[in-house]
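Residue numbers (our numbering), protein chains in the order written: chain A, 467 to 826; chain B, 6 to 281; chain C, 2 to 314.
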Amino acid sequence: MSRLASAALAAALTFSLGSGAALAATEIEMFFPVPVEGKLAKEMKNLVDRFNAEHPDIKATAVYTGSYDETNIKTRAAIKAGRPPAAVIMSANFVLEYQINDEIQPLDPLVEADGQTPDAFMAQFWPALHGNARFAEKIWAVPFHNSTPLLYFNADHFREVGLDPANPPATWAEWVDAAKKLTVRDGDSIKRYGLMIPGNYDYLGWIMTALTMSNGGLYYNPAFGGEVYYDTPSMLGALTLVDDMVRKHKVMPSGVTDGKAVSTGFFAGQASMVLLSTGSLSFIRENMKADYGVAFVPRNLRNAVAIGGASLIMPKGLTPERQKASWTLIKWLTAPGCPASGAGSPATSRRTRAPTTCRK
Amino acid sequence: MRRADPSALLALAALSAVVLVWSTPLLWMAVASFRPQNFGGLDMAALWPDFVPTLANFVEALESADFPLLYLNTVIVCAGTLGVQLVTVTLAGYAFARLRFPGKELVFYAFLLQLMLVPPILIVPNLVTITRLGLYDNLVGAMAPYFASAFGVFLMRQTFRTIPKDFEEAAIVDGATWWQLVWRVLIPLARPGMIAFGIVSVVSHWNEFLWPLMVISSPDNQTLTIGLASFTRGAESASQWGVIAAGTFLVAAPLLLAFALFQRQFVNSFLFSGVK
Amino acid sequence: MVAEAEGRAGATGMGRTARRVSARGRAEALRAGMLLAPSLVFLAAFTYWPIGQVLLQSFTIETFGSKEVSFGAGNFERLLADASFSRALVNNVVYALGTIVPSVVIALALAVGLQDATRFNATLRTIVFFPVLLPLVAAAALFMFVFLPGIGLLDYYLGKLGADNTNWLGDPDLALWSLIAITVWKNAGYYMLFFLAGLQSIPLDLYEAARIEGAGPWARFRRITLPLLGPTTAFVLVIALVNVITQVDHVVVLTEGGPSDATNLLLFYIYQQAHENYDYGKAAAATVLSVAGLLALSFLSLRTLERGIHYEA
């Protein structure tokens, strides 16, 4: 206790000596949400501890800030209260709004200060991730915990009905066909569903986006993010597919099925195929007892999915020192070889180990 | 209980039905928290323990967050909030119940306004105020917006009004000042109301999530619900029901224990009503 | 005896403010001011200041991504034209009717039934209060398990009775009723607490006197318990009314207003406008309307209930 007190006193003295003290580390805060279950909060702390050990001039603190939504609310409120965090792992859905509201820092000057061109910086990431990070002619975010929807299937169920787990459905027609074969009925009631899709809140929106893209369409105007499409033929086609699965073929439960209900149903053998995030992969790998497989979301016209998950952003209004420290942290977290997915942090790697996330 | 009375028997039957409905989820939580993780089974809802109990869920929950620190911070927040509240609500509750002053009704409804605002709308203005007061990322900042409690004032007003006036009149005849009156007569008589308020206040601040999440940043200042949320609320997919049940018990157990102890006060306080 | 106690309980009733400002009256008003001051300081900082901000915001018209502002009633016009708002309003009325009466009646019955000091009653009181103790962040996940189609607590046991799987939270026709059931389950114990506290201040000799006069349990309840619990009942009803708007986050997190707005309640509507759509003007306008509505309803119910206390018995 007394050691703690003297440490606090020392810290206070250092602080009161002000900027003159060259030894004082730059203190920065990074807000992070926990997108998947598990001990991610603890792992994130370990990761930042490692960063601090490697960078004695910076003292970073990882602040757990709830869900994607709560992280967004807290970030916004902190900005309004004049206490912006140095970095935030922000759901990719929200980055555009911060840019429109002029609340985040374009990263190009920081990239250039490192002697790199913005093009060269972005070239380190898979092209699919660029749309979320670089728009309106600048880099606004660095891809970090990105994910896509993935088709998970129960291989035992496949074999049971004569489907080949090595050749999972690749087209919508094959998908519907497989779902019909996999569904187990007892009179009017359904004992096992061929397919389940999370229907809660933004999860379904993300899946519908992926299906619209598989159907050859887009869900918003890439040149102007404020324009979204709800009634294009490609989107209506995706909607018809889902509607048919529920009403026509009766292979999927009606109403909203929560993401938690989908994964629980998959574990329990109540659903033979599910669409879930790549973020769930290691959780399913660790806990699924039955034999299972994964596949790309089936296509109608092309193989395409929407990028989800979160990216690193830097709010405006930081001092130059904190800005610099924050940039060091952001670069370290997304460095080639993914220190964020190193052996010391298996949980963090749930997302980063996904093929699309690490730099090439 | 008079067993011969058929209406009493009927009441007992109704009571048992109610208790069955209320205790089933509780029982399930207890069973699930000791159930070995089993993601493949359909029997996760079974209430009868048909397995070898394990502490693995508790271990995993405990490892997910720094529980001793979280308990300490939460106790500080609850005790600090309640301490200030008991003073503010008793004083104001007495004023509304017993004193006459102009504009009393208007002021009373102005107090009630606090109850009517929905929490999401308060986040930004209150965070700005807290930051200006220098209380950002400080436990006092998590407490300050609740130091005045319209709920408590309302409850104390009703409680004081339930107390027959002849107790006070007797004290006034004995030459007591208004302050002695409050302290020696009214507060002891208002004990059940104050305890009910205390329970409600502690429970709500113990379990509060959104405001502490907004105002607290440093991990050293975090409260229990934030630690619990970090593993019960993944935004995407699968849920570890056993760990969630165990974590919930870890958070709720102190409250359950405290309630079991304190609710007897409602019964014991008959002793006080006898004092004249 | 009963009537006498009644008269006293009502003697300081609201609205009977001093008519003459005498020296004694001034001293009393000053004392009241001193007693109210500590609360008022904190209310000013954390209630009246935000209310001022919300009022201002409700008449401020902003465009997303632009710094220009103008003033007018446009937010209210857009709000009233929004079908989701009227849906939320209707849902909230159904939710209020479905939750307030059952939870208050069950609470009162439980408080009267469990007020004797036995160990059995103490255990039951704790069990009934348990739902109140559940932290929101865990309760959402637990309720979700209870309602999980096919596998959850409810369907598992209903299935043993031969019932088919039901999507309790995902079916637009059922979801609101599932939320109502959870709310009654959760709130009954909460309101029971206040009735238990209120019951303590009823002098036992009143019951003795009534018993000597030959009054049965129902007559004693109607003639002594119910009237003397007047202030408590008024409190519980007003709190219950306010809670159906402001304290519904337990259920909101379960369905996020869905499916198809079937469970969109005012609180979630405001949350959505403020924090998902960044439409602060509409959120503020909805807040102003909901606060005004609650204030009017509380005023009416308190007036009615507390007048009842004066004249009854």
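Note that CB positions come from ideal geometry on N, CA and C, so glycine has one too.
Asked: Does the Cβ of residue 711 of chain A have 16 or more other Cβ atoms within 10 Å, making it buried, or fewer, making it exposed?; Found: buried
Asked: With a threshold of 9 Å between beta carbons, is residue 530 of chain A in contact with chain B?; Found: yes
Asked: Using 9 Å as the threshold, is the C-beta distance between residue 417 of chain A and residue 572 of chain A below it?; Found: With chain A running from 467 to 826 in the structure shown, residue 417 of chain A is simply not present.
Asked: Please classify residue 660 of chain A as buried or exposed, where buried requires at least 16 other C-beta atoms within 10 Å of its C-beta.; Found: buried
Asked: Counting only C-beta atoms, is residue 256 of chain B closer than 9 Å to chain C at any point?; Found: yes
Asked: Using the rule of at least 16 other Cβ atoms within 10 Å of the residue's Cβ for burial, across every protein chain shown, is residue 672 of chain A buried or exposed?; Found: buried
Asked: Sort A:517, A:525, A:514, A:543 by Cα distance to residue 221 of chain B and report the nearest one.; Found: A:543
Asked: Quick one: which residues of the segment 246 to 262 of chain C get their C-beta closer than 7 Å to a C-beta of chain A? List them in chain order.; Found: 257, 259, 260
Asked: Apart from the five residues on each side of it in sequence, which residues of its chain come closer than 8 Å, Cβ to Cβ, to residue 287 of chain C?; Found: 80, 86, 267, 270, 271, 274
Asked: What residues from the segment 222 to 246 of chain C come within 8 Å of chain B, judged by C-beta to C-beta, listed N to C?; Found: 229, 232, 233, 235, 236, 239, 240, 243, 246
Asked: So for residue 127 of chain B, helix, strand or coil by DSSP?; Found: helix
Asked: Starting from the beta carbon of residue 189 of chain B, find every residue of chain C whose beta carbon is closer than 9 Å, and list them in chain order.; Found: Within chain C, no residue comes near residue 189 of chain B; the closest Cβ sits about 17 Å away, beyond 9 Å.
Asked: Assign residue 216 of chain B to buried or exposed, taking buried as 16 or more other Cβ atoms, counted over all protein chains shown, within 10 Å of its Cβ.; Found: buried
Asked: Taking C-beta to C-beta, are residue 2 of chain B and residue 189 of chain C nearer than 9 Å?; Found: As shown, chain B starts at 6 and ends at 281. That puts residue 2 of chain B outside it, with no answer to give.
Asked: Use the C-beta contact count for residue 724 of chain A: other C-beta atoms within 10 angstroms, 16 or more gives buried, fewer gives exposed.; Found: buried
Asked: If the cut is a Cβ gap below 9 Å, which residues of chain A does residue 65 of chain C touch?; Found: 563, 566, 567, 692
Asked: Please tell me whether residue 197 of chain C and residue 226 of chain C are closer than 9 Å, where the distance is taken between their beta carbons.; Found: no
Asked: So the beta strand (DSSP E) residue 659 of chain A belongs to, where does it begin and stop?; Found: 655 to 662
Asked: On a Cα-Cα basis, can you pick out the residue from A:637, A:590, A:548, A:695 that is closest to residue 770 of chain A?; Found: A:637
Asked: Out of B:268, B:166, B:229, which one is the CA nearest neighbour of residue 81 of chain B?; Found: B:229
Asked: Within 10 angstroms of the Cβ of residue 184 of chain B, are there 16 or more other Cβ atoms? Answer buried if so, exposed if not.; Found: exposed
Asked: At 8 Å on the CB atoms, spell out the chain B contacts of residue 540 of chain A, in chain order.; Found: 218, 219
Asked: Which residue from B:146, B:39, B:62, B:61 puts its Cα closest to that of residue 51 of chain B?; Found: B:39
Asked: Return the chain-ordered ranges of every alpha helix (DSSP H) run that is complete within the segment 91 to 164 of chain B and spans a minimum of 4 residues.; Found: 109 to 121, 124 to 137, 144 to 148
Asked: Indicate whether at least one CB of chain C lies closer than 9 Å to the CB of residue 183 of chain B.; Found: yes
Asked: Which residue wins for smallest C-alpha separation from residue 630 of chain A, given the options A:613, A:648, A:615, A:614?; Found: A:648
Asked: For residue 292 of chain C, decide whether its Cβ has a neighbour in chain B, counting only Cβ atoms nearer than 9 Å.; Found: yes
Asked: List the residues of chain A that residue 156 of chain C touches, going by C-beta distances under 7 Å, in chain order.; Found: Neighbours of residue 156 of chain C on chain A: none; closest Cβ ~11 Å, over 7 Å.
Asked: In this structure, what does DSSP give as the bridge partners for residue 556 of chain A?; Found: A:777
Asked: May I have the straight-line CA-CA distance separating residue 173 of chain C from residue 257 of chain C, to the nearest angstrom?; Found: 13 Å
Asked: Are the C-beta of residue 551 of chain A and some C-beta of chain B separated by less than 9 Å?; Found: yes
Asked: Straight-line CA distance for residue 594 of chain A to residue 41 of chain C?; Found: 56 Å
Asked: Quick check on this structure: which residue in A:728, A:583, A:707 has the alpha carbon closest to the alpha carbon of residue 738 of chain A?; Found: A:728
Asked: What did DSSP end up calling residue 62 of chain B once you bin it into helix, strand or coil?; Found: helix
Asked: Quick one, which of A:800, A:780, A:801 has its alpha-carbon nearest residue 494 of chain A's?; Found: A:780
Asked: Where do the ends of the beta strand (DSSP E) carrying residue 622 of chain A lie?; Found: Where residue 622 of chain A is concerned, there is no enclosing beta strand (DSSP E), although the alpha helix (DSSP H) it sits in stretches over 621 to 626.
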